[in-house]
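S.K.:
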Amino acid sequence: MAFLDPVYIIGMGISFIFGALSYIIVMFWIRPISKYWKIKAQILSDLNLYENSENSLIEKIRQGAGKHSVSLSDSYTLDLPVWYKMVLDNRGESPVDAAKYLMKLSNIKTKEHFEERITQVKKALGQ
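In numbering that gives the first Met the number 0, the protein residues as written are 0 to 126.
Below you can see the structure in the form of structure tokens.
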């Protein structure tokens, strides 16, 4: 029985450990961080659209800002690993504040206040 040779057993054990570690790293670090990056990029893209929008799009902007606020807050509080939250703090990014400003943005009706909140959100996201 060649598959019971100690070399094969050690090889199977090492490959199992590497596979398990890779799964943990991908599922709990890489996927949540890339999800956060996508949400952040989408928010910043939409904020640039908001700045150049007309008053007729205000209702869509308000709905989008509310949805972005929820997704950003969920991503930060539920998904991101603690060490990456510390990295964001060191960079000066505050997704919690950005979500708060986005929620306030979803309740604003005038263009002047939109611009003020947009700059606050961008600053909170490190832009």
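Virtual Cβ for every residue (Gly too), placed ideally from N, Cα, C.
Please report how far the alpha carbon of I42 lies from the alpha carbon of S21, in whole angstroms.
M.R.: The alpha-carbon atoms of I42 and S21 are separated by roughly 30 Å.
S.K.: My understanding is that S74 touches M102, with C-beta atoms under 8 Å, so please give their C-beta distance in whole angstroms.
M.R.: Not confirmed; about 15 Å, so no contact.
S.K.: List the endpoints of the continuous alpha helix (DSSP H) containing Y75.
M.R.: Where Y75 is concerned, there is no enclosing alpha helix (DSSP H), given that its DSSP letter is neither H nor E.
S.K.: For S68, does the three-state DSSP call read helix, strand or coil?
M.R.: Three-state result, S68: helix.
S.K.: If you drop the 5 nearest sequence neighbours on each side, which residues of the same chain put their C-beta closer than 8 Å to that of W28?
M.R.: Closer than 8 Å at the Cβ level, and outside the excluded window around W28, lie P80, Y83.
S.K.: Could you spell out the range, first to last residue, of the alpha helix (DSSP H) harbouring D88?
M.R.: Run containing D88: 81-90, per the alpha helix (DSSP H) assignment.
S.K.: With DSSP run on the structure shown, which of helix, strand or coil describes L124?
M.R.: The answer is coil: DSSP assigns L124 none of H, G, I, E or B.
S.K.: Residue range of the alpha helix (DSSP H) that L3 falls in?
M.R.: From DSSP, L3 is part of no alpha helix (DSSP H); its letter is neither H nor E.
S.K.: Would you identify the three-state DSSP class for N47, choosing helix, strand or coil?
M.R.: It is helical.
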